[in-house]
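Notes follow once the structure below has been shown.
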Amino acid sequence: MTDFDIRVVTNRDAGQMTEISADVGWCQDETEILDIISRSGRFILGAYAGDRLLGTAAAYPYADSDVAFINEVIVRGECRNRGIATSLLNALLPEIRKVRGILRLYATGYGRPLYRKLGFVPYGTLVLGTLDRTHAKADDGISWMTADDLDEACDLDFANFGVRRRDLLEKLLLANPSHSWAMRSGDVLTGFILRGPDIWLLQCADRTDAGRLLLHATCHGDFPCRACLAKDYSIGLPVDRNGWIELTAMQYGTDAAPPSGCRGGCLPDIG
């Protein structure tokens, strides 16, 4: 018999969820947490001991797609190894599969064994970390991104990520126009980078372009440039590897083909 109950997380628990995020090192602020609760709707579950939130698991079902992204699978440090994450996922996965047939996630080393046991299969490797600002440099081949670039950016994002998410790209562009750049080869958009709440959304068709975009963004930002990249895209970047963590892109089952490759970078908490 478990010593916790599972129910839907609501806005009133955003403060506790922010505490858990800090406890596991994700450090999302309460504004981000409220956004996660809002977009997850009924697909964000919490394990509770009375009114105390012990852990969460969420899913974001993309509009006009058969894909949902699993995220916010976090448990307070002192509450781990009690089956909380497993119980949350066992409750969440059947519900989200009623409305979306393809489930994906990015797993840390801590979570990989659990996700494998639940039926998730790896399809790519990424690294997450902070770039060293001492190597930042401007790039004449990169210009401001505008609304006119959105159609091509959405096509490139779809090729890399496997889901149409124009609403996300447009939201980030409108929120951070001074931290949004596009790269072109002739008339063709070959890469772009947008600032998210805590991490960059970057997509490109070439590993060298990924490095150029990241160094350009770091040059123009007055904040640490955190990035999530395909592992092979991080090769050769002038970064300090200390503190970088490895993530595994995973998909539930094998009924549908995953994206052809995690070629660019992406937001693991938004998907």
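Residue numbers for the sequence shown follow numbering that gives the first Met the number 0, beginning at 0 and rising by one. Backbone N, C-alpha and C define an ideal beta-carbon position, used for all residues, glycine too.
Helix, strand or coil at residue i [DSSP, three-state]
i	result
Arg-6	strand
Ile-95	helix
Met-0	Reliability fails at Met-0, whose pLDDT of 46 lies under 50, so the model's placement of it is uncertain and no value is given.
Ile-19	helix
Ser-179	strand
Gly-49	coil
Pro-258	coil
Arg-111	helix
Tyr-232	helix
Cys-78	helix
Ala-13	helix
Phe-119	strand
Ala-216	helix
Gly-24	coil
Leu-127	strand
Ala-209	helix
Rounded distance between the beta-carbons of residue j and residue i, thought under 8 angstroms
i	j	result
Ile-73	Leu-102	About 18 angstroms separates the two Cβ atoms, so there is no contact after all.
Ser-324	Val-120	Here the chain has residues from 0 to 270 only, and residue 324 is not among them.
Arg-7	Ile-35	Here residue 7 turns out to be Val, not Arg, going by the sequence shown. Not confirmed; about 13 angstroms, so no contact.
Ile-5	Ala-90	5 angstroms
Ala-256	Gly-123	That pair is no contact at about 13 angstroms.
Ser-37	Ala-58	The pair is not a contact, with the Cβ atoms about 14 angstroms apart (cut-off 8 angstroms).
Gly-242	Thr-129	7 angstroms
Cys-153	Leu-168	6 angstroms
Asp-2	Ala-48	6 angstroms
Range of the contiguous alpha helix (DSSP H) that encloses residue i
i	result
Ile-36	29-39
Ile-101	It is not in any alpha helix (DSSP H) - Ile-101 instead sits in the beta strand (DSSP E) that spans 101-106.
Asp-153	With the sequence shown as reference, residue 153 is identified as Cys, and Asp is not the correct amino acid for it. Per DSSP, Cys-153 belongs to the alpha helix (DSSP H) from 149-160.
Residue i beta carbon near the ligand FAD (any heavy atom closer than 7 angstroms)
i	result
Tyr-109	Summarising the ligand content, the structure contains no ligands, and the ligand FAD is consequently not present.
Exposed unless 16 or more other CB atoms sit within 10 angstroms - verdict on residue i
i	result
Glu-77	exposed
Met-0	Because the pLDDT of Met-0 is 46, which lies under 50, any placement of that residue in the model is unreliable, and the number read from its coordinates should be weighed accordingly. Its Cβ having fewer than 16 others within 10 Å, Met-0 is exposed.
Arg-217	It is worth fixing the name first, because residue 217 is Thr in this sequence and not Arg. When all chains shown are included, Thr-217 counts as buried.
Arg-41	exposed
Trp-143	exposed
Asp-28	exposed
Contact with chain B by residue i, beta-carbon distance below 8 angstroms
i	result
Arg-81	Considering every chain present, this structure includes no chain B. It has just one protein chain.
Sequence-distant residues of the same chain with beta carbon closer than 7 angstroms to residue i, five excluded per side
i	result
Thr-107	Ile-244 and Leu-246
Asp-231	Arg-206
Cβ shell of residue i (< 8 angstroms), same chain only, five flanking positions each side left out
i	result
Ala-137	His-215, Cys-218 and His-219
Asp-148	Ala-181, Leu-188 and Phe-191
Range of the contiguous beta strand (DSSP E) that encloses residue i
i	result
Leu-193	187-194
Asn-70	66-74
Ala-248	244-251
Leu-167	Note, Leu-167: premise wrong, no beta strand (DSSP E); alpha helix (DSSP H) at 165-174.
Trp-143	141-143
Residues near residue i in its chain [Cβ-Cβ closer than 6 angstroms; skip 5 each side]
i	result
Gly-100	Asp-65
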